[in-house]
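Take a look at the structure below.
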Amino acid sequence: MDQGASAAVKLCETPNRHIAGLVEQHLSQHFSDKTVWKKMVMNQVNETIDLAEFRQNALGYLTPGMLRFESEDKRVYTFNYPVIHYPDAAQTVSFDKILDIEGVLEGIKGQYLLLDGNRVLNIRRHSGYEMVMDY
């Protein structure tokens, strides 16, 4: 969710993070895990993907040992974010370049704050920064 996913399906349920990492690494040979962040924050999502079918295809790439962790939960989960207005074009802002960022918060999608003026602030990128927000 912190990456701004609009929908998801469970593929595997593993007993620990190590095995989950092995499954993830194996699948990375077949699928890109890169999100085009500008499209995501502008809500330009591909709604034509059949996630149930995608899930079945992804299972076909797993080894027999990994398939024993296949999730019985085949539901498609959808996520909504508190957004009043998505930017028409995304312009990143950063506290590394601007000390005071002012504006109206128009939404939150994943780790991104959507500000007026088509500005987007990646909160995760600013971990460890001290911020003050007023309303």
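Counting in my numbering, the final residue of the sequence shown is number 216, and the numbers go up one at a time with none missing.
All residues carry an ideal CB built from backbone N, CA and C; glycine is no exception.
Between the segment 100 to 112 and the segment 154 to 171, the count of Cβ pairs shorter than 8 Å is below three; the stretches do not touch. Judged by DSSP in its simplified three-state form, V164 adopts strand. DSSP places I100 in the uninterrupted alpha helix (DSSP H) bounded by R98 to L108.
Taking a cut-off of 8 Å for Cβ pairs, the segment 173 to 184 and the segment 85 to 105 do not touch, as fewer than three such pairs fall below it. Annotation: L148 to E94 spans about 10 Å, alpha carbon to alpha carbon. Here the alpha carbons of T159 and L143 stand approximately 24 Å from one another.
At the C-beta level, G146 and M121 stay beyond 8 Å of one another. Per DSSP, A89 is one residue of the beta strand (DSSP E) stretching across A88 to V90.
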